[in-house]
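Protein chains in written order, with the working numbering: chain U, 25 to 345; chain W, 25 to 345. Have a look at the structure below before the remarks.
There are 2 protein chains.
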Amino acid sequence: MMPEKVTIADVARRASVSRQTVSNVLNSPDLVREETRERVRQAVEELGYRVNQAARRMRTGRSRLLAIRIEQTQDGMNVFDRFLHGLTESAAQAGYRVILYTADDDRSEIATFDDLLGAYEPDAFVLTSTHHGDVRTSWLAERELAFVTFGRPWGMPEGGVHPWVDVDGAAGTAAATRHLLGAGHRRIGFIGWPEGSGVGDDRRSGWARALEDTGALERRTDGSAAEGEAAARELIAAGATALVCVSDSVALGALQAGPVPVIGFDDTPVAAAIGLTSLSQPLSDAAARCVRVLTRLLEDDSPDKPDHVLLEPSLVIRRTA
Amino acid sequence: MMPEKVTIADVARRASVSRQTVSNVLNSPDLVREETRERVRQAVEELGYRVNQAARRMRTGRSRLLAIRIEQTQDGMNVFDRFLHGLTESAAQAGYRVILYTADDDRSEIATFDDLLGAYEPDAFVLTSTHHGDVRTSWLAERELAFVTFGRPWGMPEGGVHPWVDVDGAAGTAAATRHLLGAGHRRIGFIGWPEGSGVGDDRRSGWARALEDTGALERRTDGSAAEGEAAARELIAAGATALVCVSDSVALGALQAGPVPVIGFDDTPVAAAIGLTSLSQPLSDAAARCVRVLTRLLEDDSPDKPDHVLLEPSLVIRRTA
DNA sequence: TACAGCGATTTGAACGTTCAAACCATTAGA
DNA sequence: TCTAATGGTTTGAACGTTCAAATCGCTGTA
Chain U
25 MMPEKVTIAD
35 VARRASVSRQ
45 TVSNVLNSPD
55 LVREETRERV
65 RQAVEELGYR
75 VNQAARRMRT
85 GRSRLLAIRI
95 EQTQDGMNVF
105 DRFLHGLTES
115 AAQAGYRVIL
125 YTADDDRSEI
135 ATFDDLLGAY
145 EPDAFVLTST
155 HHGDVRTSWL
165 AERELAFVTF
175 GRPWGMPEGG
185 VHPWVDVDGA
195 AGTAAATRHL
205 LGAGHRRIGF
215 IGWPEGSGVG
225 DDRRSGWARA
235 LEDTGALERR
245 TDGSAAEGEA
255 AARELIAAGA
265 TALVCVSDSV
275 ALGALQAGPV
285 PVIGFDDTPV
295 AAAIGLTSLS
305 QPLSDAAARC
315 VRVLTRLLED
325 DSPDKPDHVL
335 LEPSLVIRRT
345 A
Chain W
25 MMPEKVTIAD
35 VARRASVSRQ
45 TVSNVLNSPD
55 LVREETRERV
65 RQAVEELGYR
75 VNQAARRMRT
85 GRSRLLAIRI
95 EQTQDGMNVF
105 DRFLHGLTES
115 AAQAGYRVIL
125 YTADDDRSEI
135 ATFDDLLGAY
145 EPDAFVLTST
155 HHGDVRTSWL
165 AERELAFVTF
175 GRPWGMPEGG
185 VHPWVDVDGA
195 AGTAAATRHL
205 LGAGHRRIGF
215 IGWPEGSGVG
225 DDRRSGWARA
235 LEDTGALERR
245 TDGSAAEGEA
255 AARELIAAGA
265 TALVCVSDSV
275 ALGALQAGPV
285 PVIGFDDTPV
295 AAAIGLTSLS
305 QPLSDAAARC
315 VRVLTRLLED
325 DSPDKPDHVL
335 LEPSLVIRRT
345 A
């Protein structure tokens with residue numbers, strides 16, 4: 025009912041203390057005597073005081089903002105929106121907000137980093153769609169800016185030097201393959217993406233591992249449903265009795281090729297809609313871990329080793345397998 | 025290579041003018057003599073100066089932030105992520121950034137308004153999922169805060185008193201119905217949502233209008249595919265030879281009921297995946313209009329009448345109709 | 001008695017910007 | 001020639017917070 029802005033000075037006056045004491049109650053409560061602390065807390069409550077982030081940021085250089093690129097949905101069969109929702113929620117719990125930007129490629133994304141840092145000074149970035157030769161991470165690392173990637177730094181020496189959170193694609197496809205083996209299948213094909221895609225190679229490796237004999241029962245596609253269908257026909261002709269797919273999109277195509285068990289990846293709404301068995305990423309968990317990694321980086325004394333978190337996907341069994 | 029922060033004072037020094045003149049070049053260029061203006065512009069360029077939004081906001085109370093709630097995807101067959109992407113892009117072009125929040129219901133969303141206003145002072149809010157008796161809009165309006173809704177203020181007197189952008193659902197279903205009429209169908213059923221849903225009633229009305237004889241060929245559902253299928257069976261039994269659906273989700277169900285032409289609404293990825301003919305909302309356009317409405321509100325002398333924008337959806341014809 | 005040490009609190013300054021008012025030439029009007 | 005008006009620019013203050021340093025009161029020790 026009173027949208028007047030109440031400042032730290034108002035609180036101080038009400039609690040009969042100085043500005044700084046109020047600030048301390050908020051930021052370093054242990055510096056303040058129990059009794060005073062309570063008095064200030066009550067004044068904060070009564071006045072409905074909320075810290076003004078702009079002013080705080082002026083002084084501390086911290087904005088309590090996390091920046092993330094919102095991706096252009098292509099066929100819409102992706103998983104980003106769920107991750108983003110989780111990120112927003114976890115961030116809020118940790119006292120951060122999420123700010124969005126768009127970019128067409130790495131170069132323009134880096135330009136946007138620069139822009140954002142000048143104008144809004146986000147405390148950290150969350151990067152998605154990591155790939156071989158990702159220049160974004162080195163740009164950020166050079167400047168010692170805080171960030172985490174959702175996705176491993178593919179093609180990096182060993183484990184990479186920056187913090188990341190990812191879902192173990194290989195474990196997922198291995199589980200899918202074992203599921204099919206358990207159902208009696210012996211000739212299980214894999215429909216993948218072009219070699220060199222970190223995520224694609226990872227997912228392929230789980231299938232190969234579970235199968236041991238790698239056979240020649242695999243095809244690479246551009247990820248479209250059309251190529252998925254063609255690949256599935258070839259594999260079935262070559263003797264495959266079940267198919268593990270690198271994505272729901274190619275799995276959707278594969279389903280058109282014949283009545284063969286098919287397992288997709290990502291558990292997109294499309295999978296749910298058509299009854300496609302698929303691997304589900306623990307997205308809100310992943311988002312929460314990203315926030316955790318960042319708050320450690322920003323608030324605690326930074327850990328000496330960057331955090332690396334690998335989560336397991338789970339198989340959602342539906343009609344197709 | 026020099027991530028040092030450069031301030032307006034640095035620019036001023038380099039261009040041999042005062043701080044205020046630099047500020048004027050940025051904000052009210054016409055106050056500054058041509059020659060000086062150029063000199064300052066060059067200094068800005070050379071130093072890579074970017075305005076510090078926190079400092080600006082301290083003085084002006086403007087954050088250049090637009091806040092929007094990110095919705096929890098239920099069956100994932102929604103349209104929000106595309107709208108959000110468009111909003112982020114249009115906002116960036118207008119010099120604004122998008123900041124996210126979550127909320128479970130109207131009450132908690134209002135609490136979040138309060139929070140956000142205290143901490144980040146977003147210049148405006150973009151509300152989605154408007155509904156009957158929406159208390160959020162009155163809360164914002166009472167406080168004279170800038171906002172626009174993507175969705176009409178259902179159940180309001182006439183047109184409502186606040187600015188909104190929406191897609192003409194009735195026009196969409198009317199077009200769908202005409203499409204089916206053109207294909208020779210005469211008994212066209214409608215599968216909808218419960219009465220009282222603004223969006224649902226709107227979409228229903230287009231079908232009714234195009235058909236004139238409203239017949240009894242309609243069923244209401246909770247929006248699930250399961251109820252969609254049941255409804256479709258009943259309608260087909262009652263003589264319907266084609267179906268217009270309030271959403272892709274019920275349309276998906278309806279398709280299971282038999283080989284009858286079906287048209288959905290929203291053109292979700294699921295529709296594309298299964299070849300469902302559907303109505304596509306011009307989402308990035310809608311987002312751009314939202315931004316436009318807000319910038320008018322924030323920057324120009326506010327228009328006396330609130331902007332109301334109604335856009336036409338387009339029919340995407342696929343296999344199912 | 002003096003003083004060091006400590007815990008609790010206050011004071012002054014600063015972050016980078018823009019507003020409001022002041023200032024300075026120059027030109028126009030009487 | 002003086003005054004008023006005008007265009008262009010500068011100056012000082014302020015936004016709300018936190019840092020760094022100063023202050024105050026008390027306790028314990030020499």
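Glycine included, each C-beta is placed from N, C-alpha and C at the ideal position. Bear in mind the structure is a predicted one, so any value in this text is a computation, not a measurement.
* Asked: Whose C-alpha, out of W:R211, W:A127 and W:A115, is nearest the C-alpha of A116 of chain U?
  -> Answer by Cα proximity: W:A127.
* In terms of alpha-carbon separation, which member of W:T292, W:A143 and W:L164 lies closest to L151 of chain W? -> For L151 of chain W, the nearest C-alpha among the options comes from W:L164.
* Asked: Can you give the Cα-Cα distance for V172 of chain U and A281 of chain W, rounded to whole angstroms?
  -> Near 47 Å, if we compare the C-alpha coordinates of A281 of chain W and V172 of chain U.
* To do: To the nearest angstrom, report how far apart R80 of chain W and L50 of chain W are at their CA atoms.
  => Cα to Cα, the separation comes out at about 12 Å.
* Asked: Given that a residue counts as buried once 16 or more other Cβ atoms are within 10 Å of its Cβ, and exposed if not, what is S302 of chain W?
  -> S302 of chain W should be labelled buried.
* **C-beta neighbour in chain U for H17 of chain W, strict 8 Å** => The question about residue 17 of chain W has no answer here: the residues shown for chain W are numbered 25 through 345.
* Taking the alpha-carbon positions, what's the R355 of chain W to G299 of chain W distance? -> Lying before the first or after the last residue shown, residue 355 of chain W is absent from chain W, which here runs from 25 to 345.
* Between R65 of chain W and V41 of chain W, what straight-line distance do the alpha-carbon atoms span, to the nearest angstrom? -> Between R65 of chain W and V41 of chain W, the C-alpha separation is close to 12 Å.
* Three-state class that DSSP yields for T112 of chain W in the structure shown -> Under the three-state reduction of DSSP output, T112 of chain W falls in the helix class.
* State the beta-bridge partners of W188 of chain U as determined by DSSP. => DSSP, once it has assigned bridges, lists U:T173 and U:H332 as partnering W188 of chain U.
* Asked: So A310 of chain W packs on L335 of chain W, CB below 8 Å; how close in whole Å?
  -> Going by Cβ atoms, the distance from A310 of chain W to L335 of chain W rounds to 6 Å, so yes, they are a contact pair.
* By how many angstroms is the C-alpha of A345 of chain U removed from the C-alpha of L384 of chain U? -> Here chain U covers residues 25 to 345 and nothing more, so residue 384 of chain U does not appear.
* To do: Could you please tell me which residues of the region 60 to 79 of chain U, in chain order, have their CB closer than 9 Å to any CB of chain W?
  => Taking 9 Å as the Cβ-Cβ cut-off against chain W, the residues of the region 60 to 79 of chain U that qualify are G72, Y73, R74, V75, N76, Q77, A78 and A79.
* With 8 Å set as the bound, which would you pick, yes or no: does the beta-carbon of R316 of chain U sit closer than that to a beta-carbon of chain W? -> Using beta-carbon distances, R316 of chain U does not count as an interface residue toward chain W, since no partner is under 8 Å.
* What residues are listed by DSSP as bridge partners for V122 of chain W? -> Bridge partners of V122 of chain W: U:L124 and W:L90.
* Measuring alpha carbon to alpha carbon, tell me which of U:A170, U:S153 and U:D99 ends up nearest R176 of chain U. => Nearest in C-alpha terms to R176 of chain U, of all of U:A170, U:S153 and U:D99, is U:S153.
* Look up S338 of chain W in the DSSP assignment and give the residues it is bridged to. => The partner list for S338 of chain W (beta bridge, DSSP) reads W:S304.
* **Chain-ordered residues of the region 112 to 124 of chain W with a beta carbon less than 8 Å from chain U** => For the region 112 to 124 of chain W, the set of residues with a beta-carbon nearer than 8 Å to any beta-carbon of chain U comprises T112, E113, A116, R121, V122, I123 and L124, in chain order.
* Asked: Going along chain U in order, which residues have a C-beta closer than 8 Å to the C-beta of A296 of chain W?
  -> Listed along chain U, the residues sitting closer than 8 Å to A296 of chain W by beta-carbon distance are D99 and G100.
* Asked: Mind checking whether L89 of chain W and Y125 of chain W have CB atoms under 8 Å apart?
  -> Not closer than 8 Å, so no.
* Distance between beta carbons of A256 of chain W and A278 of chain W, contact taken as under 8 Å -> Yes, A278 of chain W and A256 of chain W are in contact; Cβ-Cβ is about 4 Å, under 8 Å.
* **Inter-residue Cα distance where the pair is H156 of chain W and E219 of chain W** => Looking at the two C-alpha atoms, the distance is approximately 12 Å.
* Opposing strand residues paired with R243 of chain W [DSSP bridges] -> Answer is W:I215.
* Asked: Cβ atoms of G193 of chain W and V223 of chain W: under 8 Å apart, would you say?
  -> Taking 8 Å as the cut-off, the beta carbon of V223 of chain W is found closer than this to the beta carbon of G193 of chain W.
* To do: Please classify A207 of chain U: does DSSP put it in a helix, a strand, or coil?
  => In this structure, A207 of chain U counts as coil in the three-state DSSP scheme.
* Could you name the residues of chain U that P293 of chain W contacts, counting a contact when the two beta carbons are closer than 8 Å? => Within 8 Å of the CB of P293 of chain W, the CB atoms of chain U belong to T97, D99, G100, M101, T292, P293 and V294, in sequence order along the chain.
* **Interfacial residues, the region 127 to 146 of chain U to chain W, with Cβ spacing under 9 Å** => Listed in chain order, the positions of the region 127 to 146 of chain U with a beta carbon within less than 9 Å of a beta carbon of chain W are T136, D138, D139, L140, L141, G142, A143, Y144 and E145.
* D105 of chain U versus chain W: which residues are under 7 Å apart at the beta carbon? -> Residues of chain W passing the Cβ test: T97 and D105.
* Taking C-beta to C-beta, are L71 of chain U and V46 of chain U nearer than 8 Å? -> Contact: no.
* Beta carbon of S271 of chain W, beta carbon of G288 of chain W: below 8 Å? -> Going by C-beta atoms, S271 of chain W is nearer than 8 Å to G288 of chain W.
* Where V41 of chain W falls: helix, strand or coil (DSSP) -> Coil.
* Asked: What three-state label does DSSP hand V30 of chain U in the structure shown?
  -> Coil.
* Beta-carbon gap between P293 of chain W and G100 of chain U smaller than 8 Å -> Yes, these two residues count as a Cβ contact at 8 Å.
* In chain order, what residues of the same chain have a beta carbon less than 7 Å from the beta carbon of V122 of chain W, not counting five sequence neighbours either side? -> For V122 of chain W, where only same-chain residues beyond five positions count, the Cβ hits under 7 Å are L90, I92, L111, T112 and A115.
* **Rounded separation between E323 of chain W and F107 of chain W - CA only** => One C-alpha to the other measures close to 23 Å.
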